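Chemist:
Residue numbers (my numbering), protein chains in the order written: chain Z, 1 to 350; chain U, 1001 to 1350.
1) Does the beta-carbon distance from residue 1178 of chain U to residue 1158 of chain U come in below 7 Å?
2) So which residues of chain Z does residue 1087 of chain U contact, with C-beta pairs closer than 8 Å?
3) Let's see if you can read the secondary structure: which residues bound the beta strand (DSSP E) around residue 1331 of chain U?
4) Quick one: Cα of residue 1121 of chain U to Cα of residue 1146 of chain U, how far?
5) Taking residue 160 of chain Z as the reference, give the member of Z/86, Z/150 and Z/222 with the closest Cα.
6) Would you say residue 296 of chain Z lies against chain U (beta-carbon separation less than 7 Å)?
7) Determine, using beta carbons only, whether residue 1115 of chain U and residue 1096 of chain U come nearer to each other than 7 Å.
8) Which one of U/1099, U/1228 and U/1082 has the shortest CA to CA distance from residue 5 of chain Z?
9) Taking DSSP's pairing of strands, which residues face residue 123 of chain Z in a bridge?
10) How big is the Cα-Cα spacing for residue 326 of chain Z and residue 301 of chain Z?
11) Thinking C-beta only, is residue 236 of chain Z closer than 7 Å to residue 1193 of chain U?
12) DSSP on residue 259 of chain Z, reduced to helix/strand/coil?
13) In terms of alpha-carbon separation, which member of Z/200, Z/41, Z/182 and Z/290 lies closest to residue 172 of chain Z?
14) Using only alpha-carbon positions, find the residue among U/1228, U/1028, U/1210 and U/1196 that is nearest to residue 1260 of chain U.
15) Mind pulling the chain Z residues with CB within less than 7 Å of residue 1191 of chain U?
16) Counting pairs of Cβ atoms below 8 Å between the stretch 265-278 of chain Z and the stretch 60-76 of chain Z, do you hit three or more?
17) Does the count of Cβ pairs from the stretch 1222-1236 of chain U and the stretch 1074-1093 of chain U closer than 8 Å reach three?
18) Which residue wins for smallest C-alpha separation from residue 2 of chain Z, given the options U/1175, U/1030, U/1109 and U/1207?
19) Which term fits residue 1321 of chain U, buried or exposed, when burial requires 16 or more other beta carbons within 10 angstroms of its beta carbon?
20) Any Cβ of chain Z within less than 7 Å of the Cβ of residue 1055 of chain U?
21) Quick one, are the C-beta atoms of residue 1072 of chain U and residue 1187 of chain U less than 7 Å apart?
22) Counting only beta-carbon atoms, is residue 1154 of chain U nearer than 7 Å to chain Z?
23) Beta carbons nearer than 7 Å to chain Z: which residues of the stretch 1008-1041 of chain U have them?
24) So that I know if they touch, is there some Cβ in chain Z lying closer than 7 Å to that of residue 1077 of chain U?
25) Going by DSSP, what residues sit across from residue 147 of chain Z in a beta bridge?
26) Report yes if the C-beta distance between residue 1339 of chain U and residue 1314 of chain U is below 7 Å; otherwise report no.
27) Between the Cα of residue 1088 of chain U and those of U/1233, U/1292, U/1070 and U/1336, spot the shortest distance and give me the residue it belongs to.
28) Give, in chain order, every residue of the stretch 1174-1202 of chain U whose Cβ lies closer than 7 Å to some Cβ of chain Z.
29) Taking the runs of the alpha helix (DSSP H) that are 4 residues or longer, which of them lie wholly in the stretch 1213-1255 of chain U?
30) Return the Cβ separation of residue 1042 of chain U and residue 1324 of chain U in integer angstroms, given the expectation that the two are a contact with Cβ distance under 8 Å.
31) Grab the span of the beta strand (DSSP E) containing residue 1082 of chain U for me, first residue to last.
32) Cβ atoms of residue 334 of chain Z and residue 34 of chain Z: under 7 Å apart, would you say?
33) Strictly below 9 Å CB to CB, what residues from chain Z border residue 1167 of chain U?
34) Taking residue 1109 of chain U as the reference, which of U/1129, U/1152, U/1138 and U/1085 has the closest Cα?
35) When DSSP labels each residue in this structure, what does residue 136 of chain Z get in the three-state scheme?
36) Around the Cβ of residue 1015 of chain U, are there at least 16 other Cβ atoms within 10 angstroms (buried) or fewer (exposed)?
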């Protein structure tokens, strides 16, 4: 490790769910959407002029910002896209969080802790309730910067818009970052609140509800001062993080509201019957508001179940972490994939 | 600026050359390649399966790494691609540079200073010689981390492979980062040295010689320990920085060696005659080894010339910075574009 900085030596990078090269797995481990992107995205790809790739992309991504702003009813000056929502989350650390403690909860997207380490930000942990619900009262009047994933991952539980507003309003001098990666699968986005609360920043992704994990596009919505913070970091880091093709395809995806709603509804319908089937098999879990289920079974260790499913050709996600080492996170796939999951589980369970 | 960290408030972001939305300009301001990408890139775009975009990209970019490694005769474990070479340069700061002074020269890619500020790295400046050549002796035995752009930008001047090796060999305990963004236009890459010097990291881009500024792809080549440093930062920042399409198109570009050499040779041929013409018009400058010329004229202020050219529909780059405020950086375009440049200059010059 000679040549590495002490910081680099100390890091424990995030480990994403595996992307197996064999095609034989039913892949329920990274919360990808089981449906292809909108036909408009496919058309936009066909229409792309490859010759134009010789030129740099528009550095401020104006057209995409305008399109997202229009969809959500906010001005484009309140929108900021990036190379996946992870990039936006990363930028928030130097933009807003360095120099003060940051509040996160104990069971959430584990990348937050990795960013905190990379940017030397001290975290203050709020434990989830016993049932993994988010303890709203604990966040009130903390006067601290905070990140809340809503719905939370990997638990799938949610806060209402009223609860989010209470938290945002009671911490007026601090940045409240709501990570809405999964919001379209059952929650109500807090984007409308950004017009009234200057300290509220929302981050969303096109990887889940827009079926575009392979495109790398996310966006933030917030007050102009928060967008200025993001822009300062982006422009001190990488002038052009979204490429010309991704900008066009992301726009096409946002513009196809009908396909988006249809796809999300299909996932929700599948989630409903799979939830019922899993409960019949003895699994225990809270209702999910995301495109995954976070389940535990009284008769079989999650780690064992994980391995058995893997051997049977089904990949799910297992986290060997405190409080959740007996849980599995299972992505909601197509009906056909989930039928196979249920059948395999019937074979595996004692 | 409420809500911004003190760090964010203190930043002076990099300002890239403008990307005008009107199409009327002859654009010689951002060192883009005047030729479209390889026909293989265009074919790869046509062959892209949009449905596959629902899945995350391969996080370790194996195929592209293998392809680049093959081209340069190094193992894929020594190659690391990213979302533009800027992203790689940024990662180098937390990976290798934080906690110790970093040597750069006074006239070079101005983004280095921006990264240094973002990651709180102190810089030590080595001034270029009077004629803007790089003072090799000054770098010997410094025992400091350093970045050298070779050819240097915006000056276009170059170090030989022997000079690079002297610098690398004489700083064995520090990382020597050679930014070879423009190397294909006339220099000799130091990539072959990476097999022998564990402390040497090379960064290149597909934005210039591969005509793909709009795709956002760069790559690093270096010893496995340096690649490990980059991987640790990447995986603490953004698990998937290159999207599925960019990975494919970048591979197609690297594979078309013939088109690459042909394009580079065309740019070099244009540069040769334009250099002669500009000298006839009284411009002074050292021979350029990049796809731009860094010129000054005894009879007209660079800032005035810049404005006059702009008014005439030709965009070049002017930096209002110490030592170079009477210079212009002019990208080498097509023969036709450069003929128009020469004609306009004949009209403008006194």
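All C-beta atoms in this analysis are idealised placements derived from N, C-alpha and C, irrespective of residue type, glycine included. Remember, it's a predicted structure, so these values are computed and weren't measured experimentally.
Modeler: Here's the rundown:
1) no
2) 237, 238 and 241
3) 1328-1331
4) 12 Å
5) Z/150
6) no
7) no
8) U/1099
9) Z/102
10) 6 Å
11) no
12) helix
13) Z/200
14) U/1210
15) Here the premise fails: no neighbours, minimum Cβ distance about 18 Å.
16) no
17) yes
18) U/1175
19) exposed
20) yes
21) no
22) no
23) 1008, 1011, 1013, 1014, 1016, 1019, 1030, 1032, 1033, 1035, 1036, 1037 and 1041
24) no
25) Z/177
26) no
27) U/1233
28) 1175 and 1199
29) 1224-1234 and 1244-1255
30) Actually they are not in contact, since the Cβ atoms of residue 1042 of chain U and residue 1324 of chain U sit about 38 Å apart, beyond 8 Å.
31) 1079-1082
32) yes
33) What residue 1167 of chain U touches in chain Z: nothing, since even the nearest Cβ is about 16 Å away.
34) U/1152
35) helix
36) exposed
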